[in-house]
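**Q** After the structure tokens below, expect a handful of questions from me.
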Amino acid sequence: MSRHSKSQSKHSSAKRHHEVRKGKFKRKGKPDGSRATRFWLGLLKFLGFFILAGLLLLYWDSARLASLISHAAPVQQLTADTNGIVRVEGNAEGEAVAADEGKLMQRYLLLQKEKFNWHCSKSGCNYMWNEDVAPQVWGSLTIQGVKVESERFKFYSDWLPLDSETVNPDQLSFIHEGNTSRPLLVESPKETAYGYHALSPGQRITVIGRAVNGHLEPIHLPGEGEDQRMILIGSSVEEMLSSEKETQIGVLIAAGFVMLFLVPVIVGWIRKLFRKLLTLQSL
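This is the structure in structure tokens:
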């Protein structure tokens with residue numbers, strides 16, 4: 054009888070010991086899980102604030118560029134004592150000699166060829182504009198007697214339409230629309246494509262650049278590298294400002310979505326701050 058009770062006692066003791074060890078194991082495992090959770094939440098917060106900062110920087114750059122455009126001094130001609138950011142309006146003049154041989158049928162006053170690379174994301178795959186690669190530029194023009202030359206231009210006008218009137222017949226099958234207003238000419242399928250900006254003689258344009266001793270030079274744009282100076286070309290100042298406004302609205306919408314994710318984090322920080330202030334006041 055006593056032997057049986059001792060056996061039961063040993064069994065219950067061993068069981069309790071096993072449960073205690075199991076409980077300790079769970080308690081030891083819990084901090085590891087919470088640390089991993091805190092790590093990923095911290096990473097998401099960091100990425101959220103990083104993206105938000107980038108979007109706000111884009112907005113600030115666009116706002117500064119819009120200010121530069123609106124404050125550009127209108128001039129009819131450049132003289133030796135003309136300096137600063139100026140805008141010149143008029144008809145594009147010159148000889149149409151610029152062409153992308155073997156690709157395009159027509160010749161233009163000015164032709165700029167931009168590179169696009171194939172890119173895939175959750176929303177799908179498409180050709181994305183590679184702004185880091187310097188474009189190919191052919192030709193030059195004058196406006197109101199002012200010679201306009203640059204290694205790179207920022208166009209506010211639409212991309213050159215690519216169809217049977219502008220593209221060589223043997224290149225028509227390489228035209229890629231991609232459900233956008235930006236037609237491309239594919240060089241390597243799912244790798245590389247190109248889009249074009251072009252100006253023709255007599256086209257009404259507005260040009261913005263920096264006047265230096267009577268010459269028009271490229272300007273450093275907000276958010277761009279020092280080596281990426283360019284001259285702005287559009288149909289009018291209103292078109293340029295409208296384009297920048299659309300950019301700013303798009304950036305603000307994206308920033309709003311990011312803020313929805315970050316609001317609980319910010320509210321939590323504010324609550325902690327108020328608690329600390331109340332604690333300090335009570336001391």
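With my numbering, letter number 139 in the sequence shown gets 192, and the count goes up by one each step, no holes.
In this text, a Cβ means the ideal position worked out from N, Cα and C, and glycines have one as well.
(1) Measuring straight from C-alpha to C-alpha, what distance separates residue 324 and residue 91?
(2) Starting from residue 192, follow the beta strand (DSSP E) in both directions and report where the run begins and ends.
(3) If we call anything under 7 Å between Cβ atoms a contact, is residue 179 one with residue 255?
(4) For residue 162, which of 171, 173, 168 and 150 has the nearest alpha-carbon?
(5) Pick out whichever of 268, 285, 126 and 109 has its Cα sitting closest to the Cα of residue 274.
(6) Mind reading off the beta-carbon distance from residue 164 to residue 249? Whole number of angstroms is fine, and I expect it under 8 Å.
(7) Of all the alpha helix (DSSP H) runs that stay within the bounds of the region 245 to 319, which reach a length of 4 or more residues?
(8) Take residue 231 and list the residues in its own chain whose beta-carbon comes closer than 8 Å to its own, dropping the five residues that flank it on each side.
(9) Whole angstroms are fine: how far does the CA of residue 308 sit from the CA of residue 105?
(10) Leaving out five residues before and five after residue 211 in sequence, what residues of the same chain have Cβ atoms less than 7 Å from its Cβ?
(11) Report buried or exposed for residue 77, applying the criterion of at least 16 other Cβ atoms within 10 angstroms of its Cβ.
(12) Give me, in chain order, the residues of the same chain whose beta-carbon lies closer than 8 Å to that of residue 311; leave out the 5 immediate sequence neighbours on both sides.
(13) Using 8 Å as the threshold, is the region 279 to 294 in touch with the region 213 to 223, meaning 3 or more CB pairs across them?
(14) Out of 202, 318, 317 and 299, which one is the CA nearest neighbour of residue 118?
(15) For the region 119 to 132 and the region 164 to 178, state whether three or more C-beta atom pairs, one from each stretch, are separated by less than 8 Å.
(16) Does the beta-carbon of residue 157 have 16 or more other beta-carbons within 10 angstroms, so that it is buried, or is it exposed?
(17) Determine the closest residue to residue 265 out of 120, 139 and 192, with distance taken between C-alpha atoms.
(18) Applying the criterion that 16 or more other CB atoms from any shown protein chain within 10 Å of the CB defines a buried residue, is residue 187 buried or exposed?
(19) Could you tell me the distance, in whole angstroms, from the CA atom of residue 152 to the CA atom of residue 200?
(20) Does the distance from the C-beta atom of residue 197 to that of residue 239 stay below 7 Å?
(21) What span of residues does the beta strand (DSSP E) with residue 212 cover, start to end?
**A** In short, the structure shows the following:
(1) One-based indexing of the sequence shown puts residue 324 at position 271. One-based indexing of the sequence shown puts residue 91 at position 38. One C-alpha to the other measures close to 19 Å.
(2) Reading the sequence shown from its first residue, position 139 is the one you call residue 192. Boundaries of the beta strand (DSSP E) around residue 192: 189 to 192.
(3) Along the sequence shown, one-based indexing puts residue 179 at 126. Along the sequence shown, one-based indexing puts residue 255 at 202. In this structure, residue 255 does not lie closer than 7 Å to residue 179 by Cβ.
(4) In the sequence shown, the residue the question calls residue 162 occupies position 109. The candidate whose alpha carbon is nearest that of residue 162 is 150.
(5) The sequence position of residue 274 within the sequence shown is 221, counting from 1. The closest CA to that of residue 274, considering only 268, 285, 126 and 109, is found on 285.
(6) Taking the first residue of the sequence shown as position 1, residue 164 is located at position 111. Taking the first residue of the sequence shown as position 1, residue 249 is located at position 196. With a contact defined as Cβ atoms closer than 8 Å, residue 164 and residue 249 qualify at about 6 Å.
(7) Segments of the alpha helix (DSSP H) lying fully in the region 245 to 319: there are none.
(8) Working through the sequence shown from its first residue, we reach residue 231 at position 178. Closer than 8 Å at Cβ, skipping near neighbours: 179, 180 and 237.
(9) Locating residue 105 in the sequence shown gives position 52, where the first residue counts as 1. Locating residue 308 in the sequence shown gives position 255, where the first residue counts as 1. So the two alpha carbons sit approximately 6 Å from each other.
(10) Against the sequence shown, residue 211 aligns to sequence position 158. 234, listed in sequence order.
(11) Here the question's residue 77 lines up with position 24 in the sequence shown. Summary for residue 77: the model assigns pLDDT 48, below 50, so the residue's position carries little reliability; its value from the coordinates is reported in the next sentence. Exposed is the call here.
(12) On the sequence shown, position 258 is the one that residue 311 refers to. Hits under 8 Å: 101, 104, 105 and 108.
(13) No: fewer than three Cβ pairs fall under 8 Å.
(14) In the sequence shown, residue 118 corresponds to position 65, counting from 1. When only C-alpha atoms are compared, the closest one is 299.
(15) Verdict: no, contact absent.
(16) Locating residue 157 in the sequence shown gives position 104, counting from the first residue. Burial check for residue 157: the Cβ neighbour count within 10 Å reaches 16 or more, so the residue is buried.
(17) For the purposes of this step, residue 265 is identified with residue 212 of the sequence shown, where counting begins at 1. Nearest in C-alpha terms to residue 265, of all of 120, 139 and 192, is 139.
(18) Translated into positions along the sequence shown, residue 187 becomes position 134. So residue 187 ends up on the exposed side.
(19) The residue labelled residue 152 in the question sits at position 99 within the sequence shown. The residue labelled residue 200 in the question sits at position 147 within the sequence shown. If I take the Cα positions, the gap works out to 19 Å.
(20) Counted from its first residue, the sequence shown places residue 197 at position 144. Counted from its first residue, the sequence shown places residue 239 at position 186. Taking 7 Å as the Cβ cut-off, residue 197 and residue 239 do not qualify as a contacting pair.
(21) The count along the sequence shown starts at 1 and reaches residue 212 at position 159. No beta strand (DSSP E) holds residue 212; DSSP gives it neither H nor E.
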